[in-house]
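>
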Amino acid sequence: MLKYLSGIVYHTYEHLLSKEIAHSYVPEHIAIIMDGNRRYANRVGKLTNYGHARGASITEKVIEWSHEIGVKQLTVYAFSTENFNRSADEKQKLFELIGLKFDDLCQDERTHRRKMHIRAIGDLQMLPVSLQRSIKEAERCTANYDGFYLNVAIAYGGRQDIVQAVRKIAEKVDTGQLDPEDITENTISNHLYPVGGNAVPNVDLIIRTGGDERVSNFLPWQTSGNECATYFCAPFWPEFRKIDLLRSIRIYQDRLQEKKRVMKRRSAILLKALEKRDSEKIHNCPANSVRGI
C-alpha cells in the first residue's frame, strides 16, 4: 500500500513539474556527467558491470525524456580519458556495453522517428577497433538527421579537446590556410570535437549525479563564458529519475528569471541616473540657453 501511494505522489509531482517547466524556456543543450554506476553496484552488492548496465538503461530513458521536453542537444559523458586508468576487465566490459548501445541506437525505430543525429566526441583512436566501427556506423546511419542531437563524449578530456583544436589551427596557419588575424572564438569552436563535423554548441545546463560537485574536465570551452547553469544532485546515475531532470530544468529557469530581474533593476537604476543627469543639466543652463531650446 505504501509503495502504491508513493507511486501516486511521484507521478503527481512529475506531472506538476512537467506543467511548470512548460511555461518557460527549456535549455537547448544539456550536458550530463553520469556519475555513480560503480558506487551504486557496490551499494547493492553487485559487480561493477551491473552498475554500468543499469546506468545505460537510464541513459536511454534520459534521451527519451529530453526529446519529449524539447531539448535540442544532449551530451553525455560516457568515458573520460582518465577512465583509461581502470582495470582491463572493467574497460573491456564497458566498451562492449557501449558498442552494443551504439548498435541498438542504429536499429531502434525511435532513433529514426526522432530524426536523432548521433555523434561521438573524443579521441576515438584510443578505443578498440570494434567500438570504433560501431560508432562510425551509428554516425553514418543518422548523419542526415537534425531533429535531435545526441553527443556521446567517449575517450574525451576537455583540455585534450582544446589542445587538439589548437594544433589543427596551428597547422592551418603554418600551411597558409588561415591568417592568425582571422582567428576568433568561432575558429576555436569549429575545430573542437567532433572532428570534421559541426561544432558542439555552448551548453545551457550541465548536470552531475552521484553527489560530487565538480565538472571533471567536461566541455570547458562550451560551458565557460555563456552563463551555463550547473545542477549537482545526490542520486547515483542508475537512480536518476525524470523528476531529477525536471528539477534541474526548473533551477535553470529560475536562474534565467533572476537574471532578467537583475537586468531590469539595473536598467531602472541606469534610467533614473540618466534622467537625473539630464534634469541637472537643464536646471544649470543659463536662462538665455533655456529660452533658446
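So the sequence shown is numbered by this note's numbering: it starts at 58 and just counts up by one. Glycine residues also receive a C-beta, built at the ideal position from the N, C-alpha and C atoms.
(1) Alpha carbon to alpha carbon, how far is Asp165 from Arg176?
(2) With DSSP as the reference, label Arg348 as helix, strand or coil.
(3) Could you check which residue in Lys76, Ile326 and Leu235 has the C-alpha nearest to that of Ile306?
(4) With Val209 as the anchor, note down where its beta strand (DSSP E) starts and where it stops.
(5) Give a yes or no on whether the C-beta atoms belonging to Ile300 and Tyr82 are separated by under 8 Å.
(6) Note down the Cα distance separating Tyr97 from Phe293, rounded to an integer number of angstroms.
(7) Which one or two residues does DSSP pair with Ser191 in a beta bridge?
(8) Please state whether DSSP places Ala291 in a helix, a strand or coil.
(9) Do you know how far the Cα of Ile87 is from the Cα of Ser324?
(10) Does the count of Cβ pairs from the stretch 172-186 and the stretch 244-251 closer than 8 Å reach three?
(11) According to DSSP, what are the bridge partners of Ser246?
(12) If we count the other Cβ atoms within 10 Å of its Cβ and call it buried at 16 or more, is Tyr134 buried or exposed?
(13) Find the nearest neighbour of Lys158 within the set Met183, Trp122 and His109, judged by alpha-carbon distance.
(14) Tell me, please, whether the stretch 207-223 touches the stretch 273-284 by the rule of three or more beta-carbon pairs shorter than 8 Å.
(15) Report the start-end ranges of each beta strand (DSSP E) in the stretch 110-179 that is 3 residues or longer and not cut off at the edges.
(16) With distance defined between alpha-carbon atoms, name the residue in Tyr288, Ile226 and Leu188 nearest to Glu238.
This is what the structure holds:
(1) 16 Å
(2) Summary for Arg348: the model assigns pLDDT 44, below 50, so the residue's position carries little reliability, and this model does not support an answer.
(3) Lys76
(4) Phe205 to Tyr213
(5) no
(6) 6 Å
(7) According to DSSP, Ser191 bridges with nothing at all.
(8) coil
(9) 30 Å
(10) yes
(11) The partner list for Ser246 (beta bridge, DSSP) is empty, contrary to what the question assumes.
(12) buried
(13) His109
(14) yes
(15) 130-137 and 173-178
(16) Ile226
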